[in-house]
Every structure is written in structure tokens, then in C-alpha cells.
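*Asks:*
Residue numbers (full-length UniProt numbering), protein chains in the order written: chain P, 1 to 98; chain G, 1 to 129; chain V, 1 to 140.
#1: Note down, in chain order, all residues in the segment 59-73 of chain P with a beta-carbon under 9 Å from any beta-carbon belonging to chain V.
#2: By Cβ distance, which residues of its chain are closer than 7 Å to residue 82 (chain V), with the 5 residues on each side in sequence left out?
#3: Looking at the structure shown, is residue 76 (chain V) part of a helix, part of a strand, or coil, going by DSSP?
#4: Assuming the contact rule is C-beta atoms closer than 8 Å, residue 59 (chain P) and residue 7 (chain V) should be a hit. Round their C-beta distance to whole Å, please.
#5: So is residue 117 (chain G) buried or exposed if we call it buried at 16+ other beta carbons inside 10 Å?
#6: With a threshold of 16 other CB atoms inside 10 Å of the CB of residue 3 (chain V), please say whether the residue is buried or exposed.
#7: If distances are taken between C-alpha atoms only, which option among G:80, G:38, G:61 and G:109 comes closest to residue 44 (chain G)?
#8: Could you tell me whether the Cβ atoms of residue 108 (chain G) and residue 51 (chain G) are closer together than 8 Å?
#9: Alpha carbon to alpha carbon, what distance is there between residue 80 (chain G) and residue 77 (chain V)?
#10: Would DSSP call residue 6 (chain P) helix, strand or coil?
#11: With 16 as the cutoff for other CB atoms within 10 Å, does residue 57 (chain P) come out buried or exposed?
#12: Using a C-beta cutoff of 8 Å, does residue 58 (chain G) count as contacting chain V?
#13: Is there a Cβ from chain G that is less than 8 Å from the Cβ of residue 66 (chain V)?
#14: Please list, in chain order, the residues of the segment 19-32 of chain V that have any C-beta partner in chain G closer than 9 Å.
#15: Give the DSSP bridge partners of residue 16 (chain P), in chain order.
#16: Output needed for residue 77 (chain P): all residues of its chain with C-beta closer than 8 Å, excluding positions within five of it in sequence on either side, in chain order.
#17: Below 9 Å on C-beta distance, what does residue 73 (chain V) contact in chain P?
#18: Counting contacts by CB-CB distance shorter than 8 Å, is residue 35 (chain P) in contact with chain V?
#19: Taking only three categories from DSSP, how would you classify residue 5 (chain V)?
#20: What residues of chain V sit near residue 23 (chain P), judged by a beta carbon separation below 9 Å?
#21: Between residue 80 (chain V) and chain G, is there a C-beta pair that is closer than 8 Å?
#22: Can you check DSSP and say which residues form a bridge with residue 31 (chain V)?
#23: Can the beta-carbon of residue 38 (chain V) be found closer than 8 Å to that of residue 17 (chain V)?
#24: Roughly how many angstroms lie between the CA atoms of residue 69 (chain V) and residue 73 (chain P), to the nearest whole one?
#25: At the 8 Å Cβ level, is residue 42 (chain P) part of the contact set with chain V, yes or no?
#26: Does the distance from the CB of residue 73 (chain G) to the CB of residue 103 (chain G) come in under 8 Å?
#27: Answer with yes or no whether the minimum CB distance from residue 109 (chain V) to chain P is below 8 Å.
#28: Would the beta-carbon of residue 115 (chain G) fall within 8 Å of that of residue 55 (chain V)?
#29: Against chain P, does residue 48 (chain V) count as a neighbour if the rule is that its beta carbon must be under 8 Å from one of theirs?
#30: For residue 23 (chain P), report the span of its beta strand (DSSP E) as first-last.
#31: Determine whether the Cβ of residue 99 (chain G) lies closer than 8 Å to any Cβ atom of chain V.
#32: Quick one: which chain P residues come within Cβ less than 8 Å of residue 4 (chain V)?
Below, the structure is given as C-alpha cells:
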């Protein structure tokens with residue numbers, strides 16, 4: 001069985017149902033996928049075809065409810081990402097209206 | 001023979017887990033609570049605002065409640081929402097009289113007394129949480 | 001560190017809660033339970049469109065409709081500290097009763113169970129089932 005244990009205390013990126021991207025150290029997780037991220041930053045990438053600037057927001061100690069987590073992945077720091085110039089299509093949210 | 005063995009172990013495991021949980025609640029002060037965290041008695045016969053899952057909002061006088069947070073409210077006024085944008089509340093209300101609120105559809109409960117609309121307190125810089 | 005334990009150590013601290021409907025609530029965490037239902041005091045509620053701000057003395061929030069929480073940074077350290085204290089306390093209690101040094105979660109029930117079963121198997125479980133500690137030590 002795959003497990004989140006291998007991500008614990010590692011730097012991870014998390015995508016949420018409202019189509020946001022968070023990055024930070026995974027400090028805790030439980031069976032409901034509630035997660036705790038320390039030194040959390042939210043990355044807002046530029047949307048293709050707009051003049052929006054890349055944004056990075058400091059969120060500090062962050063706790064996400066399990067239901068809002070879409071995926072968690074470990075960050076491979078050996079792969080450089082040029083966030084400033086990265087553009088892409090906007091993710092659609094996967095929210096259930098309720 | 002072997003499968004019997006594992007089945008028994010599995011049971012034991014299960015029971016152990018339950019034990020563990022109960023014990024954890026007893027021994028760790030910082031563990032999360034299982035009992036009610038809001039004493040509704042203090043709101044009895046006072047006006048409270050209730051938000052529902054789905055966005056409706058009502059104000060009424062709390063007359064009764066139970067463990068599951070089902071509420072009985074009287075003189076209830078529902079604040080109507082903008083038909084164009086259900087996130088926006090209007091100034092219009094409608095009277096609902098006596099209402100039983102189902103606990104599971106509750107989103108927030110707050111006292112009306114002491115609540116007021118204020119100007120944006122988060123001037124320019126975002127306040128640190 | 002389990003999220004709900006961390007939340008518990010954030011009591012009386014200022015936190016920010018965003019609900020699934022986009023509403024945010026800033027206030028002091030007064031209480032929380034295992035469903036993540038919260039009570040906050042001295043709350044400022046911000047509407048989803050960030051246009052209406054309401055001051056509320058106290059509010060109860062259903063845990064299942066929370067999107068995320070922002071906690072003060074020092075909560076983490078505080079929680080770890082509490083954790084250590086609890087662990088030490090438990091070890092002390094255990095030693096007093098002359099339990100096995102390896103079994104960290106000593107108490108009455110545990111010992112009663114121990115007598116019903118093979119001690120070896122038990123020892124193993126005693127360690128791994130204490131998820132609280134297993135995060136810190138020896139999980140791979």
C-alpha cells in the first residue's frame with residue numbers, strides 16, 4: 001500500500017480542490033489526510049496570455065483539511081523551476097459545491 | 001490453520017486499536033476532545049445567528065437544543081440573498097416563525113449580541129495569523 | 001505531529017480559518033474537538049467577497065466546512081514541547097510500576113492485555129501502535 005509516511009518531514013507541494021498550490025515542510029498528517037505544513041508558501045503562477053506577475057505568499061504554519069487536498073508530492077530540489085517566468089493554463093477547481 | 005491464526009490476531013489488533021484510542025483520550029491532556037465544545041445553555045433565550053451549509057443565514061431566539069446540535073429557534077428571520085449572486089446577502093428578510101434547525105446542516109453559530117459590522121480592519125498589509 | 005494535536009496546542013492563540021464557502025474568520029481559538037469543530041472568540045468574520053467585515057464575540061464552526069487554518073509559527077514548538085513532557089510523564093508513571101522500559105504506553109489496560117498474550121508480540125505492538133511517538137523515532 002502506498003503511504004504518506006515517506007513524505008513526512010520532507011518538502012512537499014500540495015494542490016487543493018480550489019486549485020491552489022502550496023509548498024513547505026510536511027510536519028504532520030493523519031488518516032483523514034488533514035495535513036500540517038510549516039514555512040508554507042503559496043505559489044501563484046502566471047496565467048498564460050495575461051500580464052499577471054508571479055506571486056509567492058508566506059503562509060507560515062498551515063493546516064489543510066483532508067477533504068481539500070487533491071495531491072501531495074515530494075519536491076525534488078535538484079530540478080530547478082523558473083517560477084517567475086513559468087506560465088500555464090489556470091487549473092480548474094475540483095470543488096463540490098457543498 | 002494458519003489463516004485461523006491470523007484472523008484471531010486481526011481481531012486482537014482491532015480491539016487493541018479501540019483500547020488505544022480510549023486510553024489516549026484519557027492519558028493525554030492535549031488530545032482532541034470528543035464531547036461538545038460549545039455550551040448552548042448560555043445562549044438560551046437570546047438571539048443567535050445561524051449560518052447553514054449552502055449559505056442560508058437566519059437569526060432567531062434559541063429556545064432549545066440537543067446533543068446533536070439540533071436547535072429550536074423562535075421569531076426566526078432569514079436574511080435573503082442576492083438572486084444573482086448567492087454569496088451576497090441583501091438587506092431583505094423573511095419571517096419563518098418557529099424553526100427546528102438540523103444539527104448536521106449547521107455551519108456556524110454566533111451570538112447576535114455584541115456582533116457588529118465594522119470597517120476593513122486589515123488595512124493594506126495582511127494581518128499575520 | 002498529528003494535525004489535531006497541533007490544533008489543540010494552538011488553543012488561546014490567534015488563528016485564521018477559511019471555510020469552504022470562502023469566508024474567513026480571525027480569532028482566538030477557545031476550543032476544538034476531534035471533528036475539528038472549533039469555537040473562536042473575539043472574531044472578525046470576512047465575507048467571501050472580502051467586502052463585509054463583522055466583529056463577533058464568539059463563534060462555533062463546523063469542522064467539516066473548514067478549508068484551511070493558519071496557526072502562529074510558535075505553535076509547532078509548543079506542541080513538540082508538550083509532547084515531550086507528556087512522554088516523559090508517561091515513562092515515569094511506567095517505571096514506577098516497574099514496566100518494561102521499551103513499552104512507552106504503559107498503563108492499566110495495556111498491562112492487563114499483556115497478560116493475555118505473548119509478551120514478545122506485545123512489545124512490538126506497544127511501540128508501533130503508539131503513533132504519536134512512531135513519527136519521531138524509527139519510521140521508515
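Glycine residues also receive a C-beta, built at the ideal position from the N, C-alpha and C atoms.
*Replies:* Put simply:
#1: Across the segment 59-73 of chain P, CB contacts with chain V closer than 9 Å involve 59, 60, 61, 62, 63, 64, 65, 66, 67 and 68, in sequence order along the chain.
#2: Its chain contains 9 as the residues whose beta carbon lies nearer than 7 Å to that of residue 82 (chain V), once the 5 sequence neighbours on both sides are disregarded; these appear in chain order.
#3: In this structure, residue 76 (chain V) counts as helix in the three-state DSSP scheme.
#4: Contact flag wrong, Cβ pair sits at about 16 Å.
#5: Classification of residue 117 (chain G): exposed, given that the 10 Å Cβ count is below 16.
#6: By the neighbour-count rule (16 or more Cβ atoms within 10 Å), residue 3 (chain V) is buried.
#7: Taking residue 44 (chain G) as reference, the option from G:80, G:38, G:61 and G:109 with the minimal CA-CA separation is G:61.
#8: Yes; because the gap between Cβ atoms is below 8 Å, this pair is in contact.
#9: Across the structure, residue 77 (chain V) and residue 80 (chain G) are spaced so that their CA atoms are roughly 45 Å apart.
#10: In this structure, residue 6 (chain P) counts as helix in the three-state DSSP scheme.
#11: Around the C-beta of residue 57 (chain P), fewer than 16 other C-beta atoms lie within 10 Å, and the residue is accordingly described as exposed.
#12: No, its Cβ sits nowhere closer than 8 Å to a Cβ of chain V.
#13: The beta carbon of residue 66 (chain V) sits no closer than 8 Å to any beta carbon of chain G.
#14: Result list: 19, 20, 21, 22, 23, 25, 26, 30, 31 and 32.
#15: For residue 16 (chain P), which the question treats as bridged, DSSP gives the partners P:69.
#16: Residues of the same chain with a CB within less than 8 Å of the CB of residue 77 (chain P), apart from the 5 flanking positions on each side, are 11 in chain order.
#17: Ordered by position in chain P, the residues that pass the 9 Å Cβ test against residue 73 (chain V) are 38, 39, 60 and 61.
#18: At least one chain V Cβ lies under 8 Å of residue 35 (chain P).
#19: Residue state, collapsed to three classes: helix.
#20: By Cβ distance, chain V contributes nothing, its closest Cβ being about 14 Å from residue 23 (chain P), past 9 Å.
#21: Taking Cβ atoms only, chain G never reaches closer than 8 Å to residue 80 (chain V), which makes this a no.
#22: Its beta-bridge partners are V:39.
#23: In this structure, residue 17 (chain V) lies closer than 8 Å to residue 38 (chain V) by Cβ.
#24: Computed Cα separation, rounded: 20 Å.
#25: With its beta carbon at least 8 Å from every one in chain V, residue 42 (chain P) lies outside the interface.
#26: Inclusion of residue 73 (chain G) and residue 103 (chain G) in the CB contact set at 8 Å is not warranted, their separation being larger than that value.
#27: Note that residue 109 (chain V) scores a pLDDT of 45, beneath 50, so its modelled location is shaky and nothing firm can be said.
#28: Contact flag set, yes.
#29: No, its Cβ sits nowhere closer than 8 Å to a Cβ of chain P.
#30: 21-29 is the span of the beta strand (DSSP E), which, as asked, contains residue 23 (chain P).
#31: Closer than 8 Å: no.
#32: Near residue 4 (chain V) (Cβ distances below 8 Å), the residues of chain P are 30 and 34.
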